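Below: the structure, in structure tokens.
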Amino acid sequence: MRRQLCSTQGSRESTQENLDFCLYDSEKRIKMWMDSSQFEEEDKKGIEVPFFDLEIILQATNNFSDQNKLGRGGFGPVYKATFPGGQEIAVKRLSSGSGQGLEEFKNEVVLIAKLQHRNLVRLVGYCVEGDEKMLLYEYMPNKSLDSFIFDRTRCTLLTWEIRFEIILGIARGMLYLHQDSRLRIIHRDLKTSNILLDEEMTPKISDFGLARIFEAKQTEASTQRVIGTYGYMSPEYALDGFFSFKSDVFSFGVVVLEIVSGKRNTGFYQSEGTMSLLTHVNTVHLLWLSFALSTSCHPFL
């Protein structure tokens, strides 16, 4: 049964004033709920996606069998569920005793339910029963982007046209999060493994466990708890805990470089005799500038 964000006594004739109040109260409730440390029964009233019974999920995943396991993230393991009629869904199961996982769960179940864009993964439901907490997403048959670009065989399937469309789709999804959605959201963990691909290779941004909502005029924030993926973090976030929309743009730039080069970035600087992707690209850029400058100067100079 679908949960409604704001219950009203009227129908479509409700006044704009009541609607505005509902939206304001919704955003206020989201922030309060995400700051709390527990998932209460009352919180289910603020969730806009269907609730799935645990027993149905157990049947669809064959009791979370290893054969149906798709992978594992910071939230916990992900399983493929096949429901009656052949519908396939990805189930993210919260690892027991994971404080970080609980916070991620609260982030995702509220935020993604409010985000609708073709380049964002779609949340189709959730389950909270006893110690079990799960998120149910549309199933992506081509899995994640990193499984293509870093695989010697599968990378050959990505033509330049496909790579360009993937980059464009990710950019559209990020623009929606930062500017076009009602909630201004910073993802904070954009990386190739969090870009899922559907059957048509359309990219969909996933994993909003670390996402943060920004106020209308807010431009940056800071945290003492720096979490994310090294190699995709902007320097100011990784070193000092400051993050903003520019942090996501930095991560997007790393993703673009990895898509174009087929190489994985490992950090900011050269270490142990190996050059990181960012250092390599910067070196090539400086050499190109030097060459362009030398060829554009007057021969006498």
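Numbered per full-length UniProt numbering, the sequence shown spans residues 1 to 301. Even for Gly, the Cβ is constructed at its ideal location relative to N, Cα and C. Small disclaimer: the values here were computed from a predicted structure and weren't measured.
Item, Value
"Whole beta strand (DSSP E) runs in the stretch 155-208 with 3 or more residues, listed along the chain?", "184-186, 195-197, 203-205"
"For the beta strand (DSSP E) containing Ala-90, name the first residue and the last one.", "88-93"
"Would you check if the stretch 192-203 and the stretch 214-225 touch, i.e. whether three or more CB-CB distances between them fall below 8 Å?", "no"
"Below 8 Å on the Cβ atoms is my contact criterion, and I expect Ala-90 with Tyr-137 to pass it. Report the Cβ-Cβ distance as a whole number of Å.", "5 Å"
"Applying the criterion that 16 or more other CB atoms from any shown protein chain within 10 Å of the CB defines a buried residue, is Gly-130 buried or exposed?", "exposed"
"Any beta carbon of chain D sitting closer than 8 Å to that of Ile-205?", "The structure shown contains no chain D; it holds only a single protein chain."
"Please classify Pro-84: is it buried, with 16 or more other beta-carbons within 10 angstroms of its beta-carbon, or exposed?", "exposed"
"Who are the Cβ neighbours of Ala-238 in its own chain at under 7 Å, not counting the five residues just before and after it?", "Val-226, Tyr-230"
"Have a look at Ile-259, Glu-55, Phe-51 and flag the residue whose alpha-carbon is nearest the alpha-carbon of Arg-163.", "Ile-259"
"Which of the three DSSP states, helix, strand or coil, is assigned to Ala-221?", "strand"
"Could you name the residues of the same chain whose beta carbon sits closer than 6 Å to that of Leu-158, not counting the 5 residues immediately before and after it, in chain order?", "Phe-148"
"Can you grab the Cα-Cα spacing for the pair Phe-75 / Asp-207, in whole Å?", "9 Å"
"Strictly by DSSP, which residues pair up with Tyr-139?", "According to DSSP, which records beta bridges pairwise, Tyr-139 is partnered with nothing at all."
"Determine, using beta carbons only, whether Ala-171 and Phe-250 come nearer to each other than 8 Å.", "no"
"Going by beta-carbon coordinates alone, are Lys-92 and Leu-135 separated by less than 8 Å?", "yes"
"Which class does Pro-50 belong to by DSSP, given the choice of helix, strand or coil?", "coil"
"Could you name the residues that DSSP lists as bridge partners for Phe-243?", "Ala-221"
"Can Glu-236 and Phe-245 be called in contact, C-beta distance under 8 Å?", "no"
"Does the beta-carbon of Ala-113 have 16 or more other beta-carbons within 10 angstroms, so that it is buried, or is it exposed?", "buried"
"Please classify Ile-56 as buried or exposed, where buried requires at least 16 neighbouring CB atoms within 10 angstroms.", "exposed"
"Taking buried to mean at least 16 other C-beta atoms within 10 Å of its own C-beta, is Asp-53 buried or exposed?", "exposed"
"By alpha-carbon positions, which one of Ser-65, Leu-145, Val-256 ends up nearest to Pro-203?", "Leu-145"
"Take Gln-87 as the anchor and find which of Thr-156, Val-128, Met-140 has the nearest alpha-carbon.", "Met-140"
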